[in-house]
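Protein chains in written order, with the numbering used here: chain A, 1 to 290; chain B, 1 to 113. Taking it in order: structure first as structure tokens, then the write-up.
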Amino acid sequence: MCTVCGCGEGEATIAEETHLHPHHGHDGPLHARVHSHPHEHAHIQYRAAGNGLHFGLGAAHAHAPGLSQGRMVQIEQDILGKNNAYAAQNRARLAARGIFAINLVSSPGSGKTTLLTRTIEGLHGEIPLAVIEGDQQTSFDAERIRATGATAIQINTGKGCHLDAHMVGHAMERLDLADHSLLLIENVGNLVCPASFDLGEAHKVAILSVTEGEDKPLKYPDMFHAADLMLLNKVDLLPYLDFDVARCLEYARRVNPRIRVILTSATGGEGMAEWLDWLLAGLKNARSGV
Amino acid sequence: MHEMSLAEDMLQIIEDNARSGAYTRVKTVWLEIGQLAGVEEEAMKFCFDAVARHTLAEGARLEIIATEGEGRCPDCHKTVKLAERYDPCPECGGFPVEITGGTEMRVKELEVE
């Protein structure tokens, strides 16, 4: 049953290969499977569509005109409070099972998906892992991940510009994650919003490619502040570009003095061993409950 | 776009609180936004207006209470005002200033019917 629900807003869909879930013996709407909450109002926040899920098909909109006198109601609730609660649930579920989850954030086109496919290849099938792919539309990225043999689920956020903890919680349920595994979450390409939305991951990893300009950390400080690791990617292209690596790192450390940086080239292989070591060290910690 | 999803979350808080039957219509929303929260006031108002259409908060006025960015300097140990998250200490140039306030995004109060 659904353990994360209360279901949020948005127009997200989750699509994956149905054969990944042999324990679900039917293709009926996930709504019917997981939403047994006895709310009397229409609580359809997502449903299956084909082999995917739709989020947010409309909140129950109360619409009652009134002419009575206004009164004050104290609310005192954080806007991100609900997301943070889902994120805490995800984090607890991951910790209980020794799963190391990372949230990869970047601009579109920084090379996240290529980095992921090369990462999966570099792990040679020795580590159980799964990938959650976030994009506004299409399942191209999940297909690229599946081509490596790894399990992947695609979340389409629709109009949304980031993944949120609620979507990721449902994706985790559908993924059948192995204990002591690695969960790689590729967020929507966007350097603004994903900074604010905790998914329950152990670390945010920001990927910045050298074709983007060295001042990105100053232009989008929240994201680089939120990340624990920055991968400066596509460094094989440096000879052809006017990109000052030292200045970029100085900018990144200005917004986040504790950020760790690895220079990578997903296609050329530079830095990939160091990146894999970082992942494996994190996985080891997660497995031992550190 | 960021403000759009925040506005949706805000509306959900308002709708969730209405379930108890405490109100059926919202006239004014007081929202506390920290200066370091990365939220644009005008964008927030625009987005809230859009998401509130056809809901119990349609046409509601959004009042934003801005709270100043604040941090603690690692060198002079003073609590200082900050305009940007990555600014050095305005008193002594110390860095990095530990953020202690101004990142809030909170629905404070509603005027309802």
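We treat Cβ as the ideally placed atom computed from N, Cα and C, and that holds for glycine. Just so you know, these numbers come straight off a predicted model, no measurement behind them.
Residue i: beta carbon under 7 Å from a heavy atom of the ligand ADP?
| i | result |
| --- | --- |
| aspartate 222(A) | In terms of ligand content, the structure shown is empty, and the ligand ADP therefore cannot be addressed. |
Just to make sure I have the definition right: I need the residues of chain B whose C-beta is within less than 8 Å of the C-beta of residue i. Which are they?
| i | result |
| --- | --- |
| lysine 82(A) | Asp9, Gln12, Ile13 |
| histidine 225(A) | Arg85, Tyr86 |
| aspartate 222(A) | Gly38, Arg85 |
| serine 110(A) | Neighbours of serine 110(A) on chain B: none; closest Cβ ~18 Å, over 8 Å. |
Under 6 Å Cβ to Cβ from residue i, same chain only, skipping five residues before and after it: list those, please.
| i | result |
| --- | --- |
| cysteine 248(A) | Glu214 |
| valine 51(B) | Ala7, Glu8, Leu11 |
| glycine 58(B) | The question names glycine, yet the displayed sequence has glutamate at residue 58(B). The residues are Ala52. |
| glutamate 41(B) | Ile64 |
| isoleucine 262(A) | Leu231, Gly271, Glu274, Trp275 |
| glutamine 154(A) | Ala15, Glu133, Ser139, Ala142 |
| glutamine 137(A) | Asn156 |
| methionine 44(B) | Glu3 |
| glutamate 173(A) | none |
| asparagine 83(A) | Asp164, Ala165, Phe197 |
Determine which residues share a DSSP beta bridge with residue i and list them.
| i | result |
| --- | --- |
| glutamine 77(A) | Val107(B) |
| aspartate 222(A) | For aspartate 222(A), which the question treats as bridged, DSSP gives no partner whatsoever. |
| glutamate 101(B) | In the sequence under discussion, the amino acid at residue 101(B) is glycine, which differs from the glutamate named in the question. DSSP lists Glu70(B) as partners of glycine 101(B). |
| aspartate 135(A) | Asn156(A) |
| glutamate 117(B) | Beyond the ends of chain B as shown, which are 1 and 113, falls residue 117(B); an answer cannot be given. |
| methionine 72(A) | Glu111(B) |
Secondary structure at residue i, three-state DSSP: helix, strand or coil?
| i | result |
| --- | --- |
| glycine 82(A) | Sequence inspection shows lysine at residue 82(A); the glycine mentioned does not correspond to that position. In this structure, lysine 82(A) counts as helix in the three-state DSSP scheme. |
| phenylalanine 100(A) | strand |
| asparagine 256(A) | coil |
| threonine 113(A) | helix |
| leucine 175(A) | helix |
| arginine 19(B) | coil |
| aspartate 9(B) | helix |
| histidine 166(A) | helix |
| alanine 227(A) | coil |
| isoleucine 127(A) | coil |
| histidine 203(A) | strand |
| leucine 263(A) | strand |
| lysine 27(B) | strand |
| alanine 43(B) | helix |
| leucine 82(B) | strand |
| alanine 52(B) | helix |
| serine 107(A) | coil |
| serine 181(A) | coil |
| glycine 34(B) | strand |
| glutamate 186(A) | strand |
| alanine 12(A) | coil |
| threonine 211(A) | coil |
| threonine 151(A) | strand |
| glycine 28(A) | Low confidence applies here, because glycine 28(A) scores a pLDDT of 30, under 50, leaving its location unreliable and the question unanswered by this model. |
| glutamate 270(A) | coil |
| glutamate 63(B) | strand |
| leucine 249(A) | helix |
| leucine 232(A) | strand |
| proline 88(B) | coil |
| leucine 94(A) | helix |
| phenylalanine 95(B) | coil |
Report the CB separation of residue i from residue j in whole angstroms; it is logged as a contact under 8 Å.
| i | j | result |
| --- | --- | --- |
| isoleucine 79(A) | isoleucine 65(B) | So it is not a contact: roughly 13 Å between Cβ atoms. |
| glutamate 70(B) | glycine 102(B) | 5 Å |
| threonine 222(A) | arginine 85(B) | Correcting the residue type first, residue 222(A) is aspartate in the shown sequence and not threonine. Between arginine 85(B) and aspartate 222(A) the Cβ distance is about 7 Å, and since that is below 8 Å, they are a contact. |
| alanine 92(A) | isoleucine 120(A) | Rounded, the Cβ-Cβ distance is 26 Å, inconsistent with contact. |
| isoleucine 75(A) | leucine 110(B) | 6 Å |
| proline 25(B) | leucine 56(B) | According to the sequence shown, residue 25(B) is arginine rather than proline. The Cβ separation is near 6 Å, so the contact holds. |
| aspartate 242(A) | serine 265(A) | Going by Cβ atoms, the distance from aspartate 242(A) to serine 265(A) rounds to 18 Å, so no, they are not a contact pair. |
Which same chain residues end up closer than 7 Å to residue i when comparing Cβ atoms and leaving out the 5 residues on each side of it in sequence?
| i | result |
| --- | --- |
| serine 169(A) | Correcting the residue identity first, residue 169(A) is glycine in this sequence and not serine. Val4, Tyr86, Gln89, Asn90. |
| arginine 294(A) | As displayed, chain A neither begins before 1 nor continues past 290, which places residue 294(A) out of reach and without an answer. |
| histidine 63(A) | Its pLDDT being 34, under 50, histidine 63(A) is placed unreliably in this model, and the coordinates cannot settle the point. |
| leucine 199(A) | Ala87, Asn90, Asn103, Leu163, Ala165, Val168, Ile185 |
| cysteine 161(A) | Val188, Asn190, Cys193 |
| isoleucine 207(A) | Leu104, Ser106, Ser110, Gly111, Lys112, Leu115, Leu231, Asn233 |
| glycine 122(A) | Met272, Leu276 |
| alanine 202(A) | Phe100, Ala101, Ile102, Gly282, Ala286 |
Residue i touches chain B at which residues, Cβ-Cβ below 7 Å?
| i | result |
| --- | --- |
| glycine 160(A) | Ser5 |
| arginine 254(A) | Tyr86 |
| glycine 70(A) | Lys27, Glu111, Val112, Glu113 |
| serine 106(A) | By Cβ distance, chain B contributes nothing, its closest Cβ being about 16 Å from serine 106(A), past 7 Å. |
Below 7 Å on C-beta distance, what does residue i contact in chain A?
| i | result |
| --- | --- |
| arginine 106(B) | Glu76, Gln77, Asp78, Ile79 |
| proline 96(B) | Pro257 |
CB-CB under 8 Å to residue i, same chain, minus the five flanking residues each way: which ones, in chain order?
| i | result |
| --- | --- |
| valine 80(B) | Glu70, Gly71, Arg72, Cys73, Cys89, Pro90, Glu91, Val97 |
| alanine 147(A) | Thr117 |
| glycine 189(A) | Ser106, Ser107, Pro108, Gly109, Ser110, Lys112, Asp135 |
| leucine 218(A) | Tyr251, Arg254, Val255 |
| leucine 238(A) | Val210, Val245 |
Which chain A residues are close to residue i, counting only those with a beta carbon under 8 Å from its beta carbon?
| i | result |
| --- | --- |
| alanine 60(B) | By Cβ distance, chain A contributes nothing, its closest Cβ being about 11 Å from alanine 60(B), past 8 Å. |
| arginine 22(B) | The amino acid occupying residue 22(B) in the given sequence is alanine; arginine does not appear at that position. Those are Val73, listed as they occur along chain A. |
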